[in-house]
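Engineer:
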Amino acid sequence: KLPVVAVIGRPNVGKSTIVNRLCRTMSTEPDAIVYDYEGVTRDRIYRKAEWNGRVFEVVDTGGLIFDEDQDNLFAPQIREQALLALEESVAAILVVDGQVGVTTLDEEVAKFLRLQKNKPIFVAVNKCETPNMGEAMASMFWKLGLGEPFPVSGLHGAGVAEMLERMLPHI
Ligand code: GDP
Ligand code: MG
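Numbered according to the UniProt record's numbering, the sequence shown spans residues 154 to 324.
(1) Mapping the DSSP letters down to three states, classify residue 261 as helix, strand or coil.
(2) When the Cα atoms are used, what is the spatial distance from residue 171 to residue 311?
(3) I think residue 278 touches residue 305, with their Cβ atoms under 8 Å apart; what is that distance to the nearest whole Å?
(4) Going by DSSP in three states, residue 201 sits in which element: helix, strand or coil?
(5) So, at 7 Å on beta carbons, what are the nonlocal neighbours of residue 239 in its own chain, with the 5 sequence-adjacent residues on each side left out?
(6) Secondary structure at residue 174, three-state DSSP: helix, strand or coil?
(7) Would you call residue 316 buried or exposed, if buried means 16 or more other Cβ atoms sit within 10 Å of its Cβ?
(8) Which of the three DSSP states is assigned to residue 105 in this structure?
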């Protein structure tokens, strides 16, 4: 059984994009759907990922949220989804949007994640492809209380290796 890493976060932060990037080297299956807001509740999506010879599974927790404009209405679903994914995971990646900054829903998800004892959580501050801006954008997310935030760009790949190098010893 492969170790499972849960990818968690509010809608539209780039979870599926990051999952696609992690799985690119293994791609025998179609990519996860990016910008999926069709409003259909689906099962969690498991995919194989590989980094530096380590094989693991990522679970994309997307696809359960209907309406991106009403974040708080759907917080319970996010929490439930996060819980199910976390139960079986050895570590989690909390994806947030560095261009938007910290939102109430990010804080809610973070609060929930802080309660998960002994589960290493890695904060991926996505959409940080602007040169030289990543560290400043990421540093806003220290206040989530989940340790060092990692500036990444799921779209372009920047920062993903650095974050994974920190994560791999924990899985
Ligand atoms: P999810 O709902 O969290 O799974 O988010 P998606 O992966 O579907 O991405 C939501 C939107 O953010 C899409 O329009 C993506 O193209 C965009 N996006 C994802 N990653 C990045 C990134 O690294 N940089 C930028 N600028 N946009 C991104
Ligand atoms: Mg998605």
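Glycine included, C-beta positions come from ideal geometry on N, C-alpha and C.
Structural biologist: A quick look at the data gives this:
(1) Numbered from its first residue, the sequence shown carries residue 261 at position 108. In this structure, residue 261 counts as helix in the three-state DSSP scheme.
(2) The residue labelled residue 171 in the question sits at position 18 within the sequence shown. The residue labelled residue 311 in the question sits at position 158 within the sequence shown. Roughly 11 Å between the two C-alpha positions.
(3) On the sequence shown, position 125 is the one that residue 278 refers to. On the sequence shown, position 152 is the one that residue 305 refers to. Residue 278 to residue 305, Cβ: 7 Å. Contact.
(4) Taking the first residue of the sequence shown as position 1, residue 201 is located at position 48. In this structure, residue 201 counts as strand in the three-state DSSP scheme.
(5) In the sequence shown, residue 239 corresponds to position 86, counting from 1. So the list reads 159, 245, 269 and 272, once near-sequence residues are dropped.
(6) Within the sequence shown, residue 174 is the residue found at index 21, counting from 1. Here residue 174 sits in helix by DSSP.
(7) Within the sequence shown, the letter at position 163 stands for residue 316. Answer is buried; the Cβ neighbour count reaches 16.
(8) Residue 105 is absent from the structure shown; the chain starts at 154 and stops at 324.
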